[in-house]
Amino acid sequence: MNSRSLLRSSVSRRLLRPVADLIDQRIERQVRSAVRRATDRGAAGGSGSEQLVRDVELLQRRQLTFELLLGPRGRGISRMVAEAPLERLYAEVAALSGDRDAAVRNVAAAFRLLVALESLGVGRIAGGTMNICGKLGTIPLLDPPNDEILEIGTLYGMFSAGLVRMMERDGRSPSLTIVDPFAGVQLQPGTEQRPDPTGAPVDEHAVRTNLGLAGPAGAAARIQQGFSEDPETRAAVSDRRYGVIVVDGDHSAKGVAQDLEWAEEIAAPGAVVVLDDYGDPHWPGIKNALDDHLKGDTRFTYLGKAAHSAYLRAS
Ligand SMILES: C[S@@+](CC[C@H](N)C(=O)[O-])C[C@H]1O[C@@H](n2cnc3c(N)ncnc32)[C@H](O)[C@@H]1O
Numbered sequence: 001m002n003s004r005s006l007l008r009s010s011v012s013r014r015l016l017r018p019v020a021d022l023i024d025q026r027i028e029r030q031v032r033s034a035v036r037r038a039t040d041r042g043a044a045g046g047s048g049s050e051q052l053v054r055d056v057e058l059l060q061r062r063q064l065t066f067e068l069l070l071g072p073r074g075r076g077i078s079r080m081v082a083e084a085p086l087e088r089l090y091a092e093v094a095a096l097s098g099d100r101d102a103a104v105r106n107v108a109a110a111f112r113l114l115v116a117l118e119s120l121g122v123g124r125i126a127g128g129t130m131n132i133c134g135k136l137g138t139i140p141l142l143d144p145p146n147d148e149i150l151e152i153g154t155l156y157g158m159f160s161a162g163l164v165r166m167m168e169r170d171g172r173s174p175s176l177t178i179v180d181p182f183a184g185v186q187l188q189p190g191t192e193q194r195p196d197p198t199g200a201p202v203d204e205h206a207v208r209t210n211l212g213l214a215g216p217a218g219a220a221a222r223i224q225q226g227f228s229e230d231p232e233t234r235a236a237v238s239d240r241r242y243g244v245i246v247v248d249g250d251h252s253a254k255g256v257a258q259d260l261e262w263a264e265e266i267a268a269p270g271a272v273v274v275l276d277d278y279g280d281p282h283w284p285g286i287k288n289a290l291d292d293h294l295k296g297d298t299r300f301t302y303l304g305k306a307a308h309s310a311y312l313r314a315s
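Quick note: the sequence shown uses the working numbering, first residue 1, plus one each step.
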């Protein structure tokens, strides 16, 4: 006899009846006390149903306030967090860093920083909440070999501002270089060019304002206007070996391949290279480009991914 039919047998039912009666009594007691509470509230200030309406209105006001802070309005993407993706991110950052406590701490710190920067800054950080928190949280934990950071493709410069702050929280002294065409909108080959959902222009002025939020290291950032594949752009910023390179410019397979080739030349030994939007179904060329790149002669080893970003270590 299997366990289900065992439970259904008349002997079992007889034996279990006192337990079932006890559970019934408990449920009944709880329902009675909930009704009593609602009646008491009604006696104090109107009927129970009026009180219920007031409670729902209060909850709706709180929800609206919360939505204004974290909802998609004015930014195009929500910053609300759900438990399953957050737990997945903790696990991914922990796997990359080898330190679960530090992963949880950094992801939480990154989330608060993201909300603060988007509240105070011009524009937004591009992408989903988990991907942004993953990048901000993971990079310092991978212990880059020096404090020189290069971001290829910055949009509003707000991610770099956040990264500067996260590195400083880890006792580092970041020095930032940024490359972007600053075309007034986000340039992406093959996609329609639309004004940003925040309404703010994508220009160097906005980037400077946002970098100012990251204190002296942000204000001191070196900004190079231009396309990352252009020889003049490369010549202007290839004067050092970077400990961190964030590849987030041209998202086409060709663009990513070119940026990875350049990164091979300018990455310091042990550098951390982050490839944004890796595995994002909207940008299949990114994964294709990295997969192809890793099949060739390369200094990079694939460490893993967190949300939609791949992490590489240079030899
Ligand atoms: C996805 S956004 C960058 C988002 C930013 N890293 C962030 O986290 O908020 C891509 C940026 O790369 C710029 N871009 C496009 N093509 C580029 C290229 N060839 N070289 C450098 N930047 C480029 C776009 O104009 C845009 O500002």
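The beta-carbon is built from N, C-alpha and C at its ideal position, and this holds for glycine as well. Fair warning: this is a prediction, and the values are worked out from it, not measured in the lab.
Specify whether the region 118-132 and the region 152-172 touch according to this definition: at least 3 beta carbon pairs, one from each stretch, less than 8 Å apart.
Yes, the region 118-132 touches the region 152-172.
Sorted by chain position, which residues of the same chain lie with C-beta nearer than 7 Å to T233's C-beta, five sequence neighbours on each side aside?
Answer for T233: V179, Q224, G226 and F227, listed in chain order.
What does DSSP give as the partner residue(s) for G304 in the beta ladder?
Under DSSP, G304 takes part in a beta bridge, and its partners are Y311.
How should V246 be labelled, buried or exposed, when 16 other C-beta atoms within 10 angstroms of its C-beta is the threshold for buried?
By the Cβ-count criterion, V246 is buried, with 16 or more other Cβ atoms from all chains shown falling within 10 Å of its own Cβ.
Sequence-distant residues of its chain with Cβ nearer than 8 Å to A117 (five each side left out)
Sequence check: residue 117 is Leu here, not Ala. Apart from the 5 residues on each side of it in sequence, L117 sits with its Cβ closer than 8 Å to the Cβ of I125, M158, A161, G162, N210 and L213 in its chain, given in chain order.
Only counting the same chain, and skipping five residues up and downstream in sequence, which positions put a Cβ closer than 8 Å to that of L113?
Closer than 8 Å at Cβ, skipping near neighbours: L136, G162, R165 and M166.
Looking only at its chain, what residues have a beta carbon closer than 6 Å to the beta carbon of L275, apart from the 5 residues adjacent to it on each side?
Counting only Cβ-Cβ distances below 6 Å, and skipping sequence neighbours, we find V247, L290 and A310.
Could you give the DSSP three-state label for I125: helix, strand or coil?
Annotated three-state conformation of I125 is coil, per DSSP.
Between G76, R29 and S173, which lies nearest to G243 when the distance is taken from Cα to Cα?
Of the candidates G76, R29 and S173, the one whose C-alpha sits nearest the C-alpha of G243 is S173.
The beta strand (DSSP E) with T154 in it runs from where to where?
Looking at the DSSP string, T154 is not in any beta strand (DSSP E), and its letter there is neither H nor E.
For ligand 1, is there a heavy atom less than 6 Å away from the beta-carbon of S228?
Checking every heavy atom of ligand 1 against the Cβ of S228, one is found closer than 6 Å.
Can we count F111 as close to ligand 1, meaning its CB is less than 6 Å from some heavy atom?
Flag unset: Cβ of F111 not near ligand 1.
Alpha carbon to alpha carbon, how far is V115 from E264?
Cα-Cα distance, rounded: 34 Å.
Under the three-state DSSP convention, the category P269 falls into:
Here P269 sits in strand by DSSP.
Label H293 either buried or exposed according to how many other C-beta atoms from any shown protein chain fall within 10 Å of its C-beta, with 16 as the threshold for buried.
Classification of H293: buried, given that the 10 Å Cβ count is 16 or more.
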